[in-house]
Each structure stands twice: as structure tokens, then as C-alpha cells.
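Residue numbers (our numbering): 66 to 394.
Note that the Cβ used here is the ideal one computed from N, Cα and C, for glycine as well.
Quick caveat, the model's predicted, so the values are computed rather than measured.
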């Protein structure tokens, strides 16, 4: 028996009512914390995500007590244990690490749903932060000190750096995972219920299929054998696999398969004209002639018209607020 309150929550726009909390590099908010003292807010990130999330700011350098402005620093040393060395030769590694340990312990208490970090920052960058040898040669690019430690501590929390979010597809993927995590945390906050987990899984069925049959099948198996597991282990196994499945990019083929299965719920209820319209929209998306929004809109309208709650509450129809105005795949 599906819990009616949970069904109502997922079917009303298919979004959790709680705003996601997202960690963000303070300089991207426009705070004067950059090493050069300049103000450089990321207006794209702020204007797109800002109206729909709550920001939690962080600046590992300024928050650890370094002044603004300050000499620039770089990652220097061996691959396994790089140091943060300022242009004056001062080793700031331990100062940043002390702050990092304290901040990550604090973050444990948050219901954090994502992290937007500053590109190329030696403390906060996600990818492409140069690591220099002592002689000044670039050895390898990787993550900044704080962000690397963050990923080790919180591997399930979605993370992206600001310059990559200028790619509409990466922005859409990040938003999808942020709101998925918020829905998950809302489910957990209601109590660890096997029935609630089944309902959550069924609402995400076609979104997961779009990301690949393998992830959906693994989650089907976890839910199916979950009766033999303690509920805490069941939820932990599901969360790990769920976030990993959504981290894999959705494919056109997987999305078409999801659309076709969803169409199976309504096509025999439609007139010949409406059925042809829906199937043409799906085929148009498959061939790249139509955007995904067209078949999703048709499916959403038909589900509402015929009163099909299982279809209406599918998260694939609206994985994040429509007002985000992100392009669908």
C-alpha cells in the first residue's frame, strides 16, 4: 500500500518542499575574499540556481585567517601529499588543513545537497588545479586541498565547479542530482520505512532508466531483497547506488526507452491522433529533431487528464523546478 502523504509530496510537481542547501565558494557570491581582493561573483550560477537553493558559503583561505588581499599560492610537491605554498615561499598547508578538518566536521551536521566550488583555486578547485614540482614544472592537475578532502569525506554529495556550470547540460545534471538528494533527505527525515523507500524508488523509476538500465536494475534488486536487511543497511545501500546511478550521464537511448515505457501507460487511452502525436514526439527526440521537453509535456498532460498517479508522480517529468529554465536533454 503506497503512503498517501508521500505520494502527494512526490506528485505535486515531483519535488520535495524543502529548498536544497548548497555549499558555495564565497567569492562566487561576490564576497571580497579572493587573493587579489577583487569582486567576481558568478552571476550565471547565482541567477540560475540562486532562487531555488539556500547557499552555505565557504572560503578555506580567508576563513582560515589569511588576509585579503594576499600573495597567491600554488599546489607544490609530490603527487600524494601536495603542499600549499605562497608566492613568498610560506607553507600554508597546515593552516588550511586545520580549517578544513573543522569545517568538514561542521558540515556533517548539515543536510547538504551539493557544492559549487571555485575553478582553478588551489584550495577549492575540483579539476584542473595545477600541481607544481619544486623546480616550478607542472606535474599534474587535480583538485584543491579543501575540495579534495570534501570529496573524500562526502562522496555522495554532488559537486561541480563554477566554470563547468556554464555548460547547460552539466548545469542540468548538477541540478537534477541536487534536487534528487534533497528528496532523499526528506524521505529519510520522515523515518526509515521500507514502504516509503519502495514509493521513492517507483517515483524515480524512469529517471533512473534514463541514466542506464544497470543502475535501475541494481536498485530494483536492493529494494527487492531489502526485506532480508536491517532497514538502516537497506537505506545506506540504496543511497549509495542511487547517487552513483544519477552521477552517470543520462543517454538518449536510455531516455527513449523510459519515454516508450511511460507511453505504454496512456497510448491505449488516447485517440489515434493523440497517440500518433505522442509517438512522433518520442521518435523526434530519438532522432534529434525534437527536444525532450515535448514528449515529457505530452506525457504529463495525458497522465493528469486520465488520472494516472503512478505516471504523474514520475520524477523524470520534472526533476528540478521548471523555472530553472534549463535545457532538457
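Three-state secondary structure assigned by DSSP to residue i
{"i": "residue 127", "result": "helix"}
{"i": "residue 228", "result": "helix"}
{"i": "residue 198", "result": "coil"}
{"i": "residue 148", "result": "strand"}
{"i": "residue 113", "result": "helix"}
{"i": "residue 86", "result": "strand"}
{"i": "residue 122", "result": "strand"}
{"i": "residue 296", "result": "helix"}
{"i": "residue 321", "result": "helix"}
{"i": "residue 132", "result": "coil"}
{"i": "residue 328", "result": "helix"}
Residue from the options whose Cα sits closest to the Cα of residue i
{"i": "residue 361", "options": "321, 337, 130", "result": "321"}
{"i": "residue 91", "options": "374, 103, 84", "result": "103"}
{"i": "residue 7", "options": "251, 117, 248, 101", "result": "This structure gives no information on residue 7, because the portion of the chain shown stretches from 66 to 394."}
{"i": "residue 88", "options": "168, 312, 349", "result": "168"}
{"i": "residue 98", "options": "122, 111, 85, 108", "result": "122"}
{"i": "residue 266", "options": "127, 381, 239, 130", "result": "381"}
{"i": "residue 180", "options": "142, 138, 225, 190", "result": "225"}
{"i": "residue 199", "options": "144, 374, 356", "result": "144"}
{"i": "residue 312", "options": "238, 324, 184, 254", "result": "238"}
{"i": "residue 219", "options": "175, 356, 115, 316", "result": "175"}
Residue range of the unbroken beta strand (DSSP E) whose run includes residue i
{"i": "residue 40", "result": "Past the edges of the chain, shown from 66 to 394, lies residue 40, and the structure says nothing about it."}
{"i": "residue 179", "result": "177-182"}
{"i": "residue 140", "result": "138-141"}
Boundaries (first-last residue) of the alpha helix (DSSP H) holding residue i
{"i": "residue 347", "result": "337-352"}
{"i": "residue 54", "result": "Look at the range of the chain in this structure, 66 to 394, and you will see that residue 54 is not part of it."}
{"i": "residue 95", "result": "From DSSP, residue 95 is part of no alpha helix (DSSP H); its letter is neither H nor E."}
Rounded distance between the beta-carbons of residue j and residue i, thought under 8 Å
{"i": "residue 228", "j": "residue 140", "result": "Not really, about 18 Å apart at Cβ, beyond 8 Å."}
{"i": "residue 342", "j": "residue 221", "result": "With 8 Å as the limit, residue 342 and residue 221 do not qualify as a contact, their Cβ atoms being about 40 Å apart."}
{"i": "residue 310", "j": "residue 273", "result": "6 Å"}
{"i": "residue 127", "j": "residue 138", "result": "No, residue 127 and residue 138 are not in contact; Cβ-Cβ is about 13 Å, not under 8 Å."}
Item to check | Segments of 4+ residues assigned as alpha helix (DSSP H) that fall wholly inside the region 354-391 | outcome: List check, alpha helix (DSSP H) in window: 358-371, 374-377.
Next on the checklist: Quick check for students: name the residue ranges of the beta strand (DSSP E) that lie wholly in the region 205-290, counting only runs of 3 or more.
Outcome noted: 224-226, all fully within the region 205-290.
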